[in-house]
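The structure appears right after this line, and notes come after that.
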Amino acid sequence: DNVIRRIMLGVKVIEFISAIRIMLALKVIEFISAMRIIMALKVMEFISAMRIMLALKVMEFISAMRIMFALKFMEFISAMRIMLALKVMEFISAMRIMLAWKVMEFISAMRIMLALKVMEFISAMRIMLVLKVMEFISAMRIMLAWKVMEFISAMRIMLAVKVTEFIMMLFHQVSFQRLSYTNHLQWN
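Everything in the sequence shown is counted per this note's numbering, starting at 93 for the first residue and increasing by one.
Here's what the structure looks like:
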């Protein structure tokens with residue numbers, strides 16, 4: 093009876109230790125998975141923010157350079173046309189020269205405004221496209237990381253359960269053999 097009680101007590105202790113280990117392993121795996129997911133989210137947010145800021149700065153720089161180039165080009169063309177018109181039309185009245193000047197200013201202003209609007213629209217569309225692509229990539233990476241972590245956690249839990257079941261089966265077989273041997277000796 094004492095041997096059976098000791099065996100049962102040993103089985104209960106091993107079951108309790110196995111359950112504690114499995115629960116501890118599950119908690120550790122859940123904590124590691126949560127920390128990895130949080131870290132991945134923070135890294136993705138930081139990378140996305142940095143890429144968006146870089147894209148915005150690049151777009152602003154490109155837009156400013158294009159606008160400055162357009163302004164300089166328009167000023168150069170306007171100056172060349174005005175100088176040519178002045179040289180060619182010296183004998184024409186001052187009213188025609190003033191009218192041509194006003195027309196050139198209006199055309200230059202309209203072209204600059206149109207170029208600005210087009211550049212703003214292109215910049216906005218590119219920024220929106222970059223934002224959508226970054227959001228999609230971030231979401232896909234987070235989903236993939238989450239699925240991988242779930243799969244790894246499930247595989248680890250299944251492996252721990254199988255190993256524990258195997259150890260318990262071996263322990264029960266050994267205990268049963270010892271009990272049978274003890275009973276055999278008692279009968280003999």
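All C-beta atoms, glycine included, are put in the ideal place defined by N, C-alpha and C.
What you are looking at is a predicted structure, and each value in this text was computed from that prediction instead of being measured.
Looking at S272, M250, S267, S230, the one whose alpha-carbon comes closest to that of M136 is S230. Counting along the chain, no alpha helix (DSSP H) covers I184, and no H or E run does either. In this structure, the straight-line span from the alpha carbon of A237 to that of M226 is close to 16 Å. Taking a C-beta distance under 7 Å as the contact criterion, I121 and S245 qualify as a contact pair.
Scanning its chain for C-beta atoms nearer than 6 Å, with the 5 sequence neighbours on each side dropped, one finds around I114 the residues A252, in chain order.
Contact check between the region 139-150 and the region 210-228: three or more CB pairs, one atom from each, fall below 8 Å, which counts as touching. Contact check for M211 against S125 fails: the beta carbons are separated by 7 Å or more. Contact annotation, I204 with A162: C-beta distance approximately 6 Å; criterion of less than 8 Å satisfied. It is roughly 10 Å from the alpha-carbon of M235 to the alpha-carbon of E242. Considered as a whole, the region 228-259 harbours no complete run of any alpha helix (DSSP H) with no fewer than 4 residues.
Inter-residue distance for R173 and F153 is about 30 Å (C-alpha atoms, whole angstroms).
R233 and I259 have their C-alpha atoms some 39 Å from each other. CA-CA distance, F168 to K224, rounds to 40 Å.
One alpha carbon belongs to V266, the other to V105, and they sit about 16 Å apart.
At a Cβ-Cβ threshold of 7 Å, A177 and A201 do not count as neighbours.
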